[in-house]
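Worksheet for the structure shown next.
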Amino acid sequence: MRKGILTIAIGGAIVIVGTIVMLVLPFFVLKIHLIQNIKYRYEYDNSQLYLLTLLSKTHDGKLIYTQIANNLQTGEPDISFVKDELEKIVGNRCYNLSTTKKIIAQSACKPSKYTVKTKLVLPYPSLVDTLTLVID
Numbered sequence: 067m068r069k070g071i072l073t074i075a076i077g078g079a080i081v082i083v084g085t086i087v088m089l090v091l092p093f094f095v096l097k098i099h100l101i102q103n104i105k106y107r108y109e110y111d112n113s114q115l116y117l118l119t120l121l122s123k124t125h126d127g128k129l130i131y132t133q134i135a136n137n138l139q140t141g142e143p144d145i146s147f148v149k150d151e152l153e154k155i156v157g158n159r160c161y162n163l164s165t166t167k168k169i170i171a172q173s174a175c176k177p178s179k180y181t182v183k184t185k186l187v188l189p190y191p192s193l194v195d196t197l198t199l200v201i202d
């Protein structure tokens, strides 16, 4: 008789603990997933802002966007200043700014986390190229 009561008590405890774990575990998993997703979106949005900030800045009275487009088309003007401007914007993070044809600026380390792309309108005949910023 006691063995039956002990078995029922152990079985009941297992069911109760299992039910509590099954009810609580999804909330912890959801919380972890949401935190990771929010952090990723936050950093990704910052990467987009870095690229937008860089392209909207001016250097020698001209937009950096225009100077990059002209350099890709004709090789002029010199755009070595873009690396300095990008370092001011991103701080000490790894970065790589490139198009399909050329690396414009890159840091010593290799970034891979957040990739942001935009279309770069070029003068005739190329018309459009993709400008990519990769940030860690």
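Numbering of the sequence shown is given in this note's numbering, commencing with residue 67 and proceeding in unit increments.
Note that beta-carbon positions come from the ideal geometry of N, C-alpha and C, so glycine has one too.
For this session: Let me know the secondary structure DSSP gives asparagine 112 once reduced to three states.
Result: Here residue 112 corresponds to residue number 46 of the sequence shown, with the count starting at 1. The three-state reading of DSSP puts asparagine 112 in helix, counting H, G and I together.
Exercise. So, tyrosine 106 versus isoleucine 201, is the Cβ gap smaller than 8 angstroms?
Worked result: If you number the sequence shown from 1, residue 106 lands on position 40. If you number the sequence shown from 1, residue 201 lands on position 135. In this structure, the beta-carbon distance from tyrosine 106 to isoleucine 201 does not fall below 8 angstroms.
Problem set entry | Contact between the region 71 to 84 and the region 155 to 169 (3+ Cβ pairs under 8 angstroms) | Fewer than three beta-carbon pairs drawn from the region 71 to 84 and the region 155 to 169 are found closer than 8 angstroms, and the two stretches are therefore not classed as touching.
Exercise. Since valine 194 sits in a beta bridge, which residues does DSSP pair it with?
Worked result: One-based indexing of the sequence shown puts residue 194 at position 128. Valine 194 is bridged to Val187.
Exercise. Would you call the region 182 to 197 and the region 120 to 140 touching, i.e. three or more CB-CB distances under 8 angstroms?
Worked result: Yes, since at least three Cβ pairs between the region 182 to 197 and the region 120 to 140 fall closer than 8 angstroms, the two stretches touch.
Exercise. When we look at the beta-carbon of aspartate 144 and count the other beta-carbons within 10 Å, is it buried (16 or more) or exposed?
Worked result: As a working note, residue 144 is residue 78 in the sequence shown. Residue environment for aspartate 144: exposed (fewer than 16 other C-beta atoms within 10 angstroms of its C-beta).
For this session: Tell me valine 200's beta-bridge partners as DSSP assigns them.
Result: Within the sequence shown, the letter at position 134 stands for residue 200. Per DSSP, Asn162, Thr181.
For this session: Can you check DSSP and say which residues form a bridge with threonine 124?
Result: Sequence index remark: in the sequence shown, residue 124 carries index 58 (1-based). Under DSSP, the beta-bridge partners assigned to threonine 124 are Leu129.
For this session: Go to isoleucine 155, then tell me how far its beta strand (DSSP E) extends in each direction, as first and last residue.
Result: Counting from 1 along the sequence shown, the entry for residue 155 is found at position 89. From DSSP, isoleucine 155 is part of no beta strand (DSSP E) but of the alpha helix (DSSP H) over 147 to 156.
Exercise. DSSP on alanine 79, reduced to helix/strand/coil?
Worked result: Numbered from 1 along the sequence shown, position 13 holds the residue referred to as residue 79. In the structure shown, alanine 79 sits in a helix (DSSP, three-state: H, G or I).
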